[in-house]
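J.: First residue of the sequence shown? That's 254 in the UniProt record's numbering, and the numbers climb one at a time after it.
Built from N, CA and C at the ideal position, the CB exists for glycine as well.
Because the structure is a prediction, the values reported are computed rather than measured.
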Amino acid sequence: YRRNLVKLRGKAAVSRDGVKIRLLANIELPEDAREAAANGAEGVGLYRTEFLYMNRKTLPSEDEQYEAYARIVSSVQGPITIRTLDLGADKQVDSGRQLGPTPNNPALGLRAIRLCLKEPELFRVQVRALLRASALGRVQIMLPMISNLQEYRQSIGLIDLARAELEREGRKMAAEVPVGAMIEVPAAAIAAPMLARHARFFSIGTNDLIQYTLAIDRVDDEVNYLYDPLHPAVLQLIRHTIESGAQAGIPVAMCGEMAGDVRYTRLLLGLGLTDFSMHPASVLEVKRIIMDSDIGALRRTTARLLASTDLHEMRELIAALDQGDG
Ligand code: PEP
Ligand code: MG
Numbered sequence: 254y255r256r257n258l259v260k261l262r263g264k265a266a267v268s269r270d271g272v273k274i275r276l277l278a279n280i281e282l283p284e285d286a287r288e289a290a291a292n293g294a295e296g297v298g299l300y301r302t303e304f305l306y307m308n309r310k311t312l313p314s315e316d317e318q319y320e321a322y323a324r325i326v327s328s329v330q331g332p333i334t335i336r337t338l339d340l341g342a343d344k345q346v347d348s349g350r351q352l353g354p355t356p357n358n359p360a361l362g363l364r365a366i367r368l369c370l371k372e373p374e375l376f377r378v379q380v381r382a383l384l385r386a387s388a389l390g391r392v393q394i395m396l397p398m399i400s401n402l403q404e405y406r407q408s409i410g411l412i413d414l415a416r417a418e419l420e421r422e423g424r425k426m427a428a429e430v431p432v433g434a435m436i437e438v439p440a441a442a443i444a445a446p447m448l449a450r451h452a453r454f455f456s457i458g459t460n461d462l463i464q465y466t467l468a469i470d471r472v473d474d475e476v477n478y479l480y481d482p483l484h485p486a487v488l489q490l491i492r493h494t495i496e497s498g499a500q501a502g503i504p505v506a507m508c509g510e511m512a513g514d515v516r517y518t519r520l521l522l523g524l525g526l527t528d529f530s531m532h533p534a535s536v537l538e539v540k541r542i543i544m545d546s547d548i549g550a551l552r553r554t555t556a557r558l559l560a561s562t563d564l565h566e567m568r569e570l571i572a573a574l575d576q577g578d579g
């Protein structure tokens with residue numbers, strides 16, 4: 254089975270009815286870039302940068318970050334989407350100073366972009382390193398946990414400042430570094446039409462989007478049974494995000510676990526998703542399903558699923574999608 258999959262490596266991910274899908278990799282460590290390329294990923298849709306901050310007592314300097322980003326950017330063909338620091342809640346590190354008392358609700362607290370905007374120096378160092386690395390490849394900057402337009406604009410303001418600084422210093426950078434928003438807070442998904450007028454791209458983070466939509470702590474085993482990517486509310490938010498992006502003419506990717514789970518590939522194709530980012534090991538399996546799918550038919554079945562209010566009918570439609578009959 255694996256050997257048959259390997260044959261798909263050099264093939265384009267095109268559906269039976271001719272829709273080209275982009276398959277990208279999620280990576281965490283610089284070594285993962287090799288695995289991504291070996292599995293035929295066309296680029297990186299999510300490079301998590303938290304590892305640089307983990308298991309150490311001090312924060313990584315700009316040069317140290319630049320070297321790590323430069324290594325990845327020069328080894329990846331295609332676009333590479335680097336996410337700015339997403340610390341807090343499920344992603345704790347011991348470096349850095351104590352950032353206030355331990356909150357009661359870390360997932361709702363000062364995490365990710367909120368932390369970076371509160372600590373602009375932390376953000377500035379990372380952004381400078383990212384902009385410098387953009388001289389070496391197709392870097393895109395992705396902002397985690399955006400919950401309103403103001404946060405996006407404030408981040409852009411800081412990124413512009415960093416660019417101006419680097420220009421004054423005579424550093425090389427790409428002329429354009431697209432900045433996009435992760436859509437992983439329900440408010441961002443609902444307000445997607447507004448965000449889409451400003452952001453250059455979206456990437457749906459289903460791990461957090463499901464957590465926040467369903468009010469289920471993603472790391473609490475006691476409520477794990479409620480964590481349901483097929484919940485109608487989750488599907489509506491995903492569809493709304495995809496459609497809002499399409500209307501504004503910006504690309505919409507998905508980089509949460511759902512994008513690499515073959516149980517949901519047909520459903521996501523039916524929702525209109527064209528850019529999937531996942532663990533490198535899932536790329537070929539997802540590609541196999543895409544090449545075997547008629548997206549037009551999947552879209553019709555998915556539209557019926559989203560319009561349905563009958564649990565029995567919904568189960569049947571999900572089963573139909575799963576078996577590949579649109
Ligand atoms: C997500 O929330 O779906 C996501 C991709 O980010 P993380 O899992 O790192 O929070
Ligand atoms: Mg997330």
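In the structure shown, what three-state DSSP assignment does residue 438 receive?
T.: Residue 438: coil per DSSP, three-state reduction.
J.: I'd like to check one pair, residue 270 with residue 470: are the Cβ atoms closer than 8 Å?
T.: In this structure, residue 270 does not lie closer than 8 Å to residue 470 by Cβ.
J.: Counting by C-beta, which residues lie closer than 5 Å to a heavy atom of the ligand MG, in chain order?
T.: For the ligand MG, the selected residues are 437, 458 and 461.
J.: Once DSSP output is grouped into helix, strand and coil, what is the label at residue 454?
T.: If DSSP states are grouped into helix, strand and coil, residue 454 belongs with coil.
J.: Residue 432 to residue 301, Cα distance in whole Å?
T.: Spanning the two alpha carbons is a distance of roughly 15 Å.
J.: For residue 279, which beta-bridge partners are listed by DSSP?
T.: The partner list for residue 279 (beta bridge, DSSP) reads 299.
J.: Answer with buried or exposed for residue 361, where buried requires no fewer than 16 other C-beta atoms within 10 angstroms of its C-beta.
T.: Residue 361 should be labelled exposed.
J.: Could you tell me the distance, in whole angstroms, from the CA atom of residue 262 to the CA atom of residue 455?
T.: Taking the straight line joining both Cα atoms gives about 26 Å.
J.: From the DSSP output, in three-state form, read off residue 506 for me.
T.: Residue state, collapsed to three classes: strand.
J.: Which of the three DSSP states is assigned to residue 335 in this structure?
T.: Here residue 335 sits in strand by DSSP.
J.: Going by beta-carbon coordinates alone, are residue 294 and residue 276 separated by less than 8 Å?
T.: Cβ distance < 8 Å, so residue 294 and residue 276 count as in contact.
J.: Per DSSP, what kind of secondary structure is residue 378 in: helix, strand or coil?
T.: Residue 378: helix per DSSP, three-state reduction.
J.: Using the Cα positions of residue 563 and residue 572, report the straight-line distance between them to the nearest angstrom.
T.: If you take the alpha carbons of residue 563 and residue 572, they lie about 14 Å apart.
J.: Tell me whether residue 320 sits in a helix, a strand or coil according to DSSP, three-state version.
T.: DSSP places residue 320 in helix when its eight states are reduced to three.
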